[in-house]
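Residue numbers (our numbering), protein chains in the order written: chain P, 30 to 134; chain V, 4 to 285; chain D, 691 to 850; chain G, 11 to 112.
No residue lacks a Cβ here, since even glycine has one placed at the ideal position from N, Cα and C.
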Amino acid sequence: MKMMKKITLIAIGLLISVSSSIAIADAKSDAVSACGAAENARKAAAQAKMEWTTTGKLIKAANKAIEKGQFDKALSACNKAKFEGETSVKQAGIELLAWNSRVPN
Amino acid sequence: MGYIKMIRITALTILGLILFAGAAVATPEGDRKAFSDFYTNRFSDIPASDFVNGVYAIDAASRVQWEQIEDFPPYELDIDDGEVLYQAPFANGKTYASCFGDDLSVIRGKYPNWDADKAIVMTLELAINNCREANNEKPLKYKKGAIAQLSSYIAMQGRGNSINVVIPADSSAAMEAYENGKEFFYSKRGQLNFSCSDCHMSNSGNKVRADLLSPALGHTSHFPVYRSKWGGLGTLHRRFGGCNKNVRAKPFSAQGEEYRNLEYFLSYMNNGLELNGPGARK
Amino acid sequence: METINTTRRTLLKGTALASVLGITGIVDLLTMSQANAAWSEVAFESGSVGDVMKALFNEDLTPTESADITLKAPDIAENGAVVPIGVKSTMPGINRIVILVEQNPSPLTATFNLGKGARADVSTRIKMGKTSDVIALVEADGKLYAARKNVKVTIGGCGG
Amino acid sequence: MAGIKAKAKLKGDAVKVKALMKHPMESGLRKDKKGNPIPAHHITEITLLAGGETLMTANFGPAVSKNPYISMIVAGPAKGDELTIAWIDNKGESASTEVVVK
Numbered sequence: 030m031k032m033m034k035k036i037t038l039i040a041i042g043l044l045i046s047v048s049s050s051i052a053i054a055d056a057k058s059d060a061v062s063a064c065g066a067a068e069n070a071r072k073a074a075a076q077a078k079m080e081w082t083t084t085g086k087l088i089k090a091a092n093k094a095i096e097k098g099q100f101d102k103a104l105s106a107c108n109k110a111k112f113e114g115e116t117s118v119k120q121a122g123i124e125l126l127a128w129n130s131r132v133p134n
Numbered sequence: 004m005g006y007i008k009m010i011r012i013t014a015l016t017i018l019g020l021i022l023f024a025g026a027a028v029a030t031p032e033g034d035r036k037a038f039s040d041f042y043t044n045r046f047s048d049i050p051a052s053d054f055v056n057g058v059y060a061i062d063a064a065s066r067v068q069w070e071q072i073e074d075f076p077p078y079e080l081d082i083d084d085g086e087v088l089y090q091a092p093f094a095n096g097k098t099y100a101s102c103f104g105d106d107l108s109v110i111r112g113k114y115p116n117w118d119a120d121k122a123i124v125m126t127l128e129l130a131i132n133n134c135r136e137a138n139n140e141k142p143l144k145y146k147k148g149a150i151a152q153l154s155s156y157i158a159m160q161g162r163g164n165s166i167n168v169v170i171p172a173d174s175s176a177a178m179e180a181y182e183n184g185k186e187f188f189y190s191k192r193g194q195l196n197f198s199c200s201d202c203h204m205s206n207s208g209n210k211v212r213a214d215l216l217s218p219a220l221g222h223t224s225h226f227p228v229y230r231s232k233w234g235g236l237g238t239l240h241r242r243f244g245g246c247n248k249n250v251r252a253k254p255f256s257a258q259g260e261e262y263r264n265l266e267y268f269l270s271y272m273n274n275g276l277e278l279n280g281p282g283a284r285k
Numbered sequence: 691m692e693t694i695n696t697t698r699r700t701l702l703k704g705t706a707l708a709s710v711l712g713i714t715g716i717v718d719l720l721t722m723s724q725a726n727a728a729w730s731e732v733a734f735e736s737g738s739v740g741d742v743m744k745a746l747f748n749e750d751l752t753p754t755e756s757a758d759i760t761l762k763a764p765d766i767a768e769n770g771a772v773v774p775i776g777v778k779s780t781m782p783g784i785n786r787i788v789i790l791v792e793q794n795p796s797p798l799t800a801t802f803n804l805g806k807g808a809r810a811d812v813s814t815r816i817k818m819g820k821t822s823d824v825i826a827l828v829e830a831d832g833k834l835y836a837a838r839k840n841v842k843v844t845i846g847g848c849g850g
Numbered sequence: 011m012a013g014i015k016a017k018a019k020l021k022g023d024a025v026k027v028k029a030l031m032k033h034p035m036e037s038g039l040r041k042d043k044k045g046n047p048i049p050a051h052h053i054t055e056i057t058l059l060a061g062g063e064t065l066m067t068a069n070f071g072p073a074v075s076k077n078p079y080i081s082m083i084v085a086g087p088a089k090g091d092e093l094t095i096a097w098i099d100n101k102g103e104s105a106s107t108e109v110v111v112k
């Protein structure tokens with residue numbers, strides 16, 4: 030059933046997006062791991078068909094920042110991207126039911 | 004965020020589903036009637052047949068400029084180019100007529116339709132590329148250029164016919180495609196958290212900055228469109244993508260399943276209205 | 691009335707156009723172009739209405755506002771990229787119509803040089819970068835008349 | 011493909027000529043994605059001819075819209091007469107077409 034498939038996808042998305050990384054003192058690995066988590070959250074959002082245009086851009090910019098050694102900048106961008114990805118997945122979960130309330134009858 | 008919260012969401016979702024399973028199932032025809040009534044009540048001085056003119060049905064000042072442009076619209080050059088493309092034989096000597104038949108005036112009105120063999124919604128643009136591939140030609144890109152010119156030529160020949168999208172009663176897959184399109188239309192998405200219906204239904208006739216939001220009723224009747232903003236012709240799915248980007252939702256592929264199903268739903272909502280594409284838009 | 695440079699440009703261009711058109715019309719094109727002020731780079735590149743006037747007309751030719759010119763332009767442009775403009779007049783002896791957009795980087799937008807049988811009734815579609823007066827100039831019997839209308843250009847939201 | 015599309019229709023004692031020209035009309039003020047300026051490319055002159063005589067010459071700057079439109083009214087040509095419309099741009103490219111008065 031279509032709905033069940035969707036719920037499963039969204040549930041998997043939530044699981045992926047909450048899996049947290051172990052903090053490492055190193056600023057670079059912090060940034061890299063934040064960006065990995067962000068990318069996972071973005072993928073989960075895409076799978077739920079709710080990805081935002083802004084999320085991938087944040088990650089892309091963060092990866093460039095890592096190359097330039099701007100780890101703080103990358104970390105904050107990827108934390109934001111991760112939040113966006115997670116919010117998109119939540120949005121998908123809410124809309125799974127909410128959309129029907131907007132249909133005129 | 005904890006796992007408990009996540010589990011709670013999932014549980015709520017499943018509970019909701021169970022509740023929904025018991026609710027009365029809406030029929031497409033019931034949907035269409037309610038959809039059409041929504042707009043004819045909201046814009047009670049506008050005849051239903053005028054909604055095919057999009058935002059110009061509800062914006063008198065813009066309509067004057069639009070009519071000046073439609074007097075000799077820029078897409079006439081594209082229609083001519085589309086005709087040349089349509090009539091030109093493929094390398095194997097066959098033409099598009101070998102796929103679409105000899106009566107050009109009926110082609111536009113056949114799409115979108117439910118393709119029972121492929122079990123997908125078939126659109127005009129997808130059919131054009133299927134025809135090309137069946138004749139060993141490379142497929143065209145879906146948003147603009149040659150495919151939009153071909154589509155505009157076919158649309159022009161089909162002007163005046165009524166939209167009459169059919170959802171086969173014996174196909175649950177067709178019904179599911181329709182339902183998916185409907186869900187897409189009413190689901191909020193993007194960073195701005197807007198659904199298609201938030202702008203083009205609940206707020207139709209209201210302004211976003213300087214722009215008046217057009218009613219969704221009639222939206223599919225006049226594509227492809229030459230948009231001044233694009234400086235050229237574009238397909239319906241190009242426009243869908245633009246709308247999604249406006250609410251900061253990552254657009255789906257043109258002619259992908261999501262947009263084809265959305266086209267199926269929206270076109271069904273326009274059943275009975277006149278086909279009047281191609282059109283000029285701001 | 692044109693600089694030597696533009697006249698030479700006109701000759702070259704006249705030849706090019708003549709080759710497009712075939713033999714007929716060569717002489718006519720050249721004489722028309724010279725007599726009726728052809729494409730003037732200087733005028734079209736001028737950055738202000740005043741400079742356009744200097745490049746296009748004698749400096750002492752100042753326009754008189756005239757109610758006999760109908761300038762058709764929208765109050766609010768739907769899209770600044772495509773603004774329909776029409777100019778019409780029943781004044782006798784009109785030989786040229788000029789459309790200017792005061793606030794565009796280069797105000798001179800189009801000129802229409804009326805030849806045999808041509809009526810002073812033209813229209814086109816133009817680009818406007820921002821809200822501006824649109825000015826229609828009409829040259830009749832060596833005199834210059836003008837009409838102006840303000841056209842608002844707004845920044846769109848999503849567009850139609 | 012189609013460079014100019016023209017229509018000419020007799021209305022009362024004069025002919026209304028309308029034409030649409032395929033042309034980018036680049037202003038010279040825009041930049042490409044890499045930030046390099048896109049050079050100006052626009053029609054400079056449009057000529058309307060009938061039987062070798064020039065009825066109208068229009069000069070365009072870059073502020074005429076993309077795929078320019080022009081309409082003119084001329085007295086003289088009769089139904090069935092053939093008119094010629096031609097344009098040339100600032101790169102020396104050109105196009106022309108014939109249109110029969112209806």
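Is the beta carbon of residue j closer than 8 Å to that of residue i?
i	j	result
glutamate 70 (chain V)	lysine 15 (chain G)	no
asparagine 279 (chain V)	arginine 111 (chain V)	no
asparagine 139 (chain V)	alanine 94 (chain V)	yes
valine 843 (chain D)	glycine 770 (chain D)	yes
serine 75 (chain G)	methionine 35 (chain G)	yes
leucine 265 (chain V)	glycine 184 (chain V)	yes
glycine 208 (chain V)	phenylalanine 46 (chain V)	yes
serine 796 (chain D)	phenylalanine 747 (chain D)	no
isoleucine 53 (chain G)	aspartate 23 (chain G)	no
lysine 68 (chain G)	alanine 830 (chain D)	It is worth fixing the name first, because residue 68 (chain G) is alanine in this sequence and not lysine. No, Cβ-Cβ distance for alanine 68 (chain G) and alanine 830 (chain D) is not below 8 Å.
valine 672 (chain D)	isoleucine 787 (chain D)	What is shown of chain D runs 691 to 850, which leaves residue 672 (chain D) out entirely.
serine 205 (chain V)	leucine 276 (chain V)	no
phenylalanine 226 (chain V)	leucine 216 (chain V)	no
proline 31 (chain V)	tyrosine 181 (chain V)	yes
I'd like to know if residue i contacts chain P, where contact means its C-beta is closer than 8 Å to some C-beta of that chain.
i	result
phenylalanine 46 (chain V)	no
glutamate 261 (chain V)	yes
Does the beta carbon of residue i come closer than 8 Å to any beta carbon on chain V?
i	result
glutamate 68 (chain P)	no
methionine 11 (chain G)	Its pLDDT being 41, under 50, methionine 11 (chain G) is placed unreliably in this model, and the value from its coordinates should be taken loosely. It does: the Cβ of methionine 11 (chain G) has a partner Cβ on chain V nearer than 8 Å.
alanine 808 (chain D)	no
aspartate 765 (chain D)	yes
lysine 15 (chain G)	yes
glutamine 99 (chain P)	no
Just curious, the beta strand (DSSP E) that residue i is in, first and last residue?
i	result
leucine 746 (chain D)	It is not in any beta strand (DSSP E) - leucine 746 (chain D) instead sits in the alpha helix (DSSP H) that spans 739 to 746.
valine 110 (chain G)	104 to 110
glycine 776 (chain D)	773 to 779
asparagine 183 (chain V)	Run containing asparagine 183 (chain V): none in the beta strand (DSSP E); it sits in the alpha helix (DSSP H), 175 to 189.
serine 813 (chain D)	811 to 816
threonine 30 (chain V)	Neither: threonine 30 (chain V) is in no beta strand (DSSP E) and is coded neither H nor E.
Is residue i close to chain G, meaning its C-beta is less than 8 Å from at least one C-beta of that chain?
i	result
isoleucine 816 (chain D)	yes
phenylalanine 75 (chain V)	yes
proline 795 (chain D)	yes
tyrosine 6 (chain V)	Note on tyrosine 6 (chain V): pLDDT 48, under 50, position unreliable in the model; the coordinate value appears next. Tyrosine 6 (chain V) does not count as touching chain G.
phenylalanine 747 (chain D)	no
On the DSSP letters alone, give me the boundaries of the alpha helix (DSSP H) that residue i sits inside.
i	result
isoleucine 72 (chain V)	63 to 73
aspartate 84 (chain V)	78 to 90
alanine 63 (chain P)	56 to 76
glycine 122 (chain P)	100 to 127
leucine 153 (chain V)	149 to 160
isoleucine 131 (chain V)	127 to 137
Distance cutoff 8 Å, beta carbons only. Does residue i sit that close to anything in chain D?
i	result
alanine 85 (chain G)	yes
isoleucine 72 (chain V)	yes
lysine 285 (chain V)	yes
glutamate 147 (chain G)	Since the displayed chain G opens at 11 and closes at 112, residue 147 (chain G) lies outside it and no answer follows.
alanine 68 (chain G)	yes
- Select from the region 165 to 195 of chain V all residues with a C-beta closer than 7 Å to any C-beta belonging to chain P, and list them in chain order. Those would be Glu179, Glu186, Tyr189, Ser190, Lys191, Arg192, Gly193, Gln194, in chain order.
- Give the residues from the region 79 to 90 of chain V that approach chain G closer than 8 Å (Cβ to any Cβ), ordered along the chain. Glu79, Leu80, Asp83, Asp84, Val87
- Task: Name, going along the chain, the residues of the region 23 to 36 of chain G whose beta-carbon falls closer than 7 Å to a beta-carbon of chain V.
- Result: Lys28, Leu30, Lys32
- Message: Which residues of the region 214 to 240 of chain V have a Cβ closer than 9 Å to any Cβ of chain D? Give them in chain order.
- Response: Asp214, Leu215, Leu216, Ser217, Val228, Arg230, Ser231, Lys232, Gly234
- Taking the runs of the alpha helix (DSSP H) that are 4 residues or longer, which of them lie wholly in the region 200 to 252 of chain V? 239 to 249
- Got a sec: which bits of the region 74 to 103 of chain G sit with their beta carbon under 8 Å from any beta carbon on chain D, in order along the chain? Val74, Ser75, Lys76, Pro78, Tyr79, Ile80, Ser81, Met82, Ile83, Val84, Ala85, Gly86, Pro87, Thr94, Ala96, Ile98, Gly102
- Query: Given a limit of 9 Å on CB to CB distance, which residues of the region 74 to 107 of chain P reach chain V?
  - Reply: Per Cβ criterion, the list reads Ala74, Ala75, Lys78, Met79, Glu80, Trp81, Thr82, Thr83, Thr84, Gly85.
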